[in-house]
Structure formats: structure tokens, C-alpha cells
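Visitor:
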Amino acid sequence: MSIISITTPVSKNSEIENFSKDDEDESMYDDAIDGVLKKPEKKYIGIDNRSIVTPGELITEDATWMRGHGTYYLDEHTYSSVAGMISKVNKLLSVTPFKGRYRPETGDHIVGRVIGISNKRWKVELGAEHAGVLMLGAVNLPGGVLRRKSDNDELQMRAILKEGDLLNCEVQSTFSDGSASLHTRSLKYGKLRNGMFLKVNSSLIVRTKNHMHDLPGGVSIILGVNGYCWIFKTKNNVENKINAATGKAESEMKAASSSKGYSVGMGSLSITRLEEESSWEIYSDKNDIISANIKETISRYRSCLVALSFCEIAIDVKRLVKAYEISLGYGDVNSLVSEDIKKSIGEDLINSEKMRG
Amino acid sequence: MSRFELFSPEGLRVDGRRYNELRAFDCSINTHPHSSDGSAYISQGNTKVLCLIRGPSDTLTTTSGATASSADEPTISVSIIQPPYATTERKSTSRTDRRMAELSIIIKRALQQCIVKKNYSRTLIEVSITILQLDGSLLPACINAATLALIDAGISMYDYISACNVALYDTFPLVDSNSLEENDLSFLTIGIIGNGDKINLLLMEDKVPLDKLQKLIDLGITGCHNIRQLMDNVVREIGIDLLSKKL
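So the sequences go chain by chain: D and S. First residue of the first sequence? That's 1 in full-length UniProt numbering, and the numbers climb one at a time after it. First residue of the second sequence? That's 1 in full-length UniProt numbering, and the numbers climb one at a time after it.
(1) Determine, for residue 52 of chain D, whether the minimum Cβ-Cβ distance to residues of chain S falls below 7 Å.
(2) Under 7 Å Cβ to Cβ from residue 62 of chain S, same chain only, skipping five residues before and after it: list those, please.
(3) Can you tell me where the beta strand (DSSP E) holding residue 170 of chain D begins and where it ends?
(4) How about residue 97 of chain S: is its Cβ closer than 6 Å to a heavy atom in the ligand FAD?
(5) Who are the near neighbours of residue 96 of chain D in its chain, counting only those whose CB is closer than 7 Å to its CB and skipping five residues on each side?
(6) Should residue 97 of chain D be flagged as near chain S, meaning a C-beta pair shorter than 7 Å?
(7) Starting from residue 136 of chain S, trace the beta strand (DSSP E) in both directions and tell me its first and last residue.
(8) Taking residue 306 of chain D as the query, report the chain S residues whose CB atoms sit under 8 Å from its CB, ordered along the chain.
(9) Residue 219 of chain D: which of D/57, D/138, D/234 sits nearest, CA to CA?
(10) Tell me, please, which residues DSSP counts as bridged to residue 213 of chain D.
(11) What would DSSP say about residue 130 of chain S, mapped onto helix, strand or coil?
(12) Where do the N-terminal and C-terminal ends of the alpha helix (DSSP H) with residue 321 of chain D fall, by residue?
(13) State the Cα-Cα distance for the pair residue 180 of chain D and residue 156 of chain D, rounded to the nearest angstrom.
(14) Between residue 210 of chain S and chain D, is any beta-carbon pair separated by less than 7 Å?
(15) How about residue 229 of chain S and residue 137 of chain S: do their beta carbons lie closer than 7 Å?
(16) Quick one: which chain S residues come within Cβ less than 7 Å of residue 325 of chain D?
(17) Which residues mark the beginning and the end of the alpha helix (DSSP H) in which residue 310 of chain D is found?
(18) Return the chain-ordered list of same chain residues with a C-beta closer than 7 Å to the C-beta of residue 188 of chain D, the five sequence neighbours on each side being excluded.
(19) Got a sec: is the Cβ-Cβ distance from residue 313 of chain D to anything in chain S below 7 Å?
(20) Take residue 160 of chain D as the anchor and find which of D/127, D/117, D/130, D/196 has the nearest alpha-carbon.
(21) Are any of the Cβ atoms in chain S nearer than 7 Å to that of residue 342 of chain D?
(22) Taking just the CA atoms, how far does residue 163 of chain S sit from residue 270 of chain S?
(23) Taking only three categories from DSSP, how would you classify residue 254 of chain D?
(24) By Cβ distance, which residues of its chain are closer than 7 Å to residue 68 of chain D, with the 5 residues on each side in sequence left out?
(25) Nearest chain S C-beta to residue 211 of chain D closer than 7 Å, yes or no?
(26) So is residue 177 of chain D in contact with chain S if we call contact Cβ pairs under 7 Å?
(27) How do the segment 115-124 of chain S and the segment 83-99 of chain S stand: do at least 3 beta-carbon pairs fall below 8 Å, yes or no?
(28) Using three-state DSSP, classify residue 56 of chain S as helix, strand or coil.
(29) Per DSSP, residue 44 of chain S forms a beta bridge with which residues?
(30) Might you give, ordered along the chain, the residues of its own chain that have their beta carbon closer than 8 Å to the beta carbon of residue 170 of chain D, omitting 5 neighbours on each side?
(31) Go to residue 153 of chain S, then tell me how far its beta strand (DSSP E) extends in each direction, as first and last residue.
(32) Please state whether DSSP places residue 31 of chain D in a helix, a strand or coil.
(33) Within the same chain, show all residues whose beta-carbon is closer than 7 Å to that of residue 65 of chain D, passing over the 5 residues directly before and after it, in chain order.
(34) Between D/123, D/129, D/317, which lies nearest to residue 162 of chain D when the distance is taken from Cα to Cα?
(35) For residue 219 of chain S, which residues from the same chain have a beta carbon less than 6 Å from its beta carbon, with the 5 sequence-adjacent residues on both sides left out?
(36) Pick from D/216, D/210, D/232: whose alpha carbon is nearest that of residue 191 of chain D?
Below is the structure:
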């Protein structure tokens, strides 16, 4: 039988003796603690793009840099205030946090949800610090671009967009406190229907030129820059025209005189497509009939997005399509919910990207 | 003084540590990605604390309208929950417990100094802390967890706040005290911003001889620096991992 003996380490003991003798030499036991915990040596962090910094870390002593988001300035030194990556644009130095709430920037294509209506504006929840505002003047009103806004429109705002509606819009401008003003003055923007909502972390969405994509399988997706995604049945052009026509008839009945007199003047043809489609139809609450097949494809894409966000892989449309192809190999949509499969989809995707190089 | 020998002549404490050793420190961030903006779990020995952060969000949209929003700084609300199973004796604490209310005010003040206020005007940052297991050093664990959760939430802050307890046994300061030591000894809590000597928090509810105070503070500062280093390592590791996935 072995005997376990604990001997008192000599060095430690001597330090404690020092201690009890009220030794004023502080550095003695400071060194001792460092020894116990093996403090890693502080490496010099240069100002390379994409190098990692944590809060309070000195980025540069050079005062010529301009300081952007995620940094602060103290005694001519620039420090990081978030954990993230350094990004340099010319002389502008900023730190992009790994995670964090979405910060609106002008021109971002985003998806939001209406949470309130107040004086001539809608409050839109974007997953940012502050709710965005969508002014009544920044939407396409039923009845064409040239229509004047009346008091009646102001009273009828809830008929256009009401609380809980999802919409697809662009950041028109941002305010100093970080809140955003939105607009939907384009045909690609507006109320969302025929689909499914999904929220992922906004830092995972790769900013690209286009955020609305048609995917294989008769499904389209909006990858909002704020991390809100909308997967929906691809709009059929032929159907659209019929819808627009019937919509127009409806709008004429509903929105009465102004639009009617206007369209008579122009004959049966409208000048722009915008005019044709800007009817009450675009603010309808009714979904089209969606086949079971499409519904399944939508939920498969959703599962793929969930898997990508679970594995914290940056999301763009190429990867999504690839993940979709991989997911087909895992069989039924229901099976994609399990954590193991989500993980292995992520791994497969990364492997296939490595193979391609 | 006690049934236990809190500090043996060989220089070992009740749990076998030396005077300057921290307990096993483990932390992870982003533990609750769906229910919060930032989350962290921390365990220092047998003290285990979970911290969730919601926000910064619009003050207008929250239903708890008790706090008036000031114009140019964030409103921070801290709530601490201690379930009945957290301590060795099973007893439930009410939400209006004065001890918890006091702790939450201390944490709130500590965090307020550390967040870059100008970036978060008219916003609300909700910090909710759950004590899963309690074995001394409660306040330090809460502060450390809140720091990590703030970092995870991507909230700008001047530096880490790291905190630790130091107890005094006769003439020996004992860092990172556990509940046995805290029951019998007088101790103080110290919180440090960053890697310097900037004391952000100092709390002492017991009596300590004046000439020993400096020694306690000095050891506390070193303990805080070590904790900061441990937390920083974890944050950095996660950063490197994330970076490898983004192309």
C-alpha cells in the first residue's frame, strides 16, 4: 500500500513566513500568484485587419487614426470597447463586434414587424436598439405614385399596415441615436405574405448587393441584413398580372375618385408598373393557395437556415442553396430538427467548401 | 473560533488551497442565444451563476415603465434571483429581499461606470442574474458573469470588470473565499476595471484592522487581474473559433 504524503513546498512556505512578518515587499507575493496561474505573456497586437481584440485592449498609440465604432480614446491611445475584429478602412479604425444588436445603415435591405402606429408613422421592430420609423409618406399608397396624400390616408393607416404585419423595406436614413427611418418606395418592398418568418443573428448575414433571391424549388427568400429572414413562394408573373388587374378593380372601388379619374385620363394603360401594382392588393392579408410541396420546400429551407445559424456559419445565398442540397440527403424535413443533423449539415457544408478551395 | 481549521500551519485552507489560489474557474458565454442578447455562465468553485442580458432596447417598448429614461445614458436594470435550492439549507428568498436589492444596486453602479454611455442613449439594458449554486463570493461571481454577458451582448465597455473576495485570517489574506471562510472571517469584495489599479467596487461589511486593509486590497487586485485574464482567454478563444467560420 502506497502512502500519499503531502510535503509542504519550501518556496511557498517561505513566502507565507515573509507575510506573517509583515513584510512590505508586495512584489514577492504578486510574483507568487503569477506563478500559480501561469499568466500567458501578452502578445503584441498589431493593427492588422481581422485581428481579434477584447474590451480594454490597446489597439494603437498612433493618434493619427480616426476612431470608429467599437473603440474609445484615452490619453492619445485608442482602445477597443467590444470583443470583435479590427476593421480598417483607409484611416478609419473600428472594431466590429462578434455579436450584438443590429445597427441600421443607410441602404440596408431589411425585414421588420409593425409594432405600433402613431402620428403619420408606423413603428417597426427591426431587432435593433431602437424601433425604426416608417413615415406614411415613405410607402407606396394604393392608387399610384402621383396620388396626393390626404387626411383620409392618415386615418386609414391601419388598413395599409397594422400591428403585427411583416414588411420588407430599406433604411432611408439613420439618426444620431442609431434609430432608422425606413421606406418601401419600390416594388420589391412592401408587406410580406405567402411565407414563413425566421430570425437569425444579424452578424451572420453577409452584406451583398442583393438580398432577395429566387431559390430552386419555387421558393424565394429575403435575407434581411438585420437577421430577419422571410422564405416565401416565388411570385408568379402571370398570376401577378391577373392579381394586379383584379386588385386594380378593387382599389378603384375602395379608393374611389382620385385613382379612377386619373386612370381614365391615361386610358387603360398605366405609365409605370408601379402604378399598376400599387393597389390595395399589395396590402392584402390573404395568402395565395400554397401547395403542400411548396410548403415542405419552405420548411426545408428554414431548417437549413436554422442549421447554418446553429453552426454559426455566415449565411449567403450560395451556402443556403448548398445546405439545401446537402439536406436532401438527410431525408425527411422533420428529421432536420435534430441537433446532430444540424451539426452534420454544417460540417458537410464547410467540408465541401474546403474541397472546392 | 471554528470547528474547522480554516488555515492550517502548513498554509492550506479548508478546501486545500493556498492563500493566493483561486478556486476552479470556469466560464462560458452565449449559453442562451435565443432568449437573450448576451448570456454567460460562470462557476468559481461551487458558486455557479448565470447572467442573461436583454437589450439595449427601446425604453418605450418595455412594459416595466418604472424607470424613467434619461436622455443621454442607458437605463440599467439588474435583477437577481436566488432559487431555494441554491444554498445548503433550502429556503426561498422573496423577490423583495433587501439583501438582493442591495446587491443589485451595487452591481448596477459598477456596470454603469464601465459601459460607454454615450453609445446607448435612451435605451434599456436588462441584466438578470440567477444564482444556481452558492458557496461564497456571491457578489464577485455576479459581477464577473455580468461582465462576460455584456461582452457577449456586444455592448461597448471601457474594460472588463473583474471582482473577487478576500478574507482575513489572523494576518493572512485569503483570496476567493468560500462560504465556510466567509461565515467565520471578515472579508471584503473588490472589483477592478481592466488590468490597472482602478478600483471600481469596494465593499466591506465586516470589521478589519486598518493595518491589514492594504494587504487585503493588494491581494484582491492580483486576484482580479487573474480572473480578468481567465475571462479574456475564454472570450478570445471563442473569437478565434468564430473567425474561422466566417470567410
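The beta carbon of each residue, even a glycine, is placed where N, CA and C say it ideally should be.
Guide: On the basis of the coordinates in this document:
(1) yes
(2) With a pLDDT of 46 at residue 62 of chain S, under the threshold of 50, the predicted position of this residue should be treated as unreliable, and no value is reported.
(3) 166-174
(4) Ligands displayed in this structure: none; no statement on the ligand FAD is therefore possible.
(5) 70, 84, 85, 87
(6) yes
(7) No beta strand (DSSP E) contains residue 136 of chain S, which DSSP labels as neither H nor E.
(8) Ordered by position in chain S, no residue passes the 8 Å Cβ test against residue 306 of chain D, which lies about 11 Å from the chain.
(9) D/234
(10) D/221
(11) strand
(12) 317-328
(13) 24 Å
(14) no
(15) no
(16) Those within 7 Å of residue 325 of chain D in chain S number zero; the least Cβ separation is about 19 Å.
(17) 292-310
(18) 212
(19) yes
(20) D/117
(21) no
(22) Nothing about residue 270 of chain S can be reported from this structure: the residues present for chain S run from 1 to 247 only.
(23) With a pLDDT of only 47 at residue 254 of chain D, under 50, the local geometry of the prediction cannot be trusted, and no value is derived from it.
(24) 92, 93, 94
(25) no
(26) yes
(27) no
(28) strand
(29) S/25, S/47
(30) 107, 108, 109, 110, 182, 183, 184, 186, 189
(31) Where residue 153 of chain S is concerned, there is no enclosing beta strand (DSSP E), given that its DSSP letter is neither H nor E.
(32) In this predicted model, residue 31 of chain D has a pLDDT of only 48, less than 50, meaning its place in the structure is not dependable; the value taken from the coordinates is given anyway. Three-state DSSP puts residue 31 of chain D in a helix.
(33) 78, 91, 93
(34) D/123
(35) 166, 173, 175
(36) D/232
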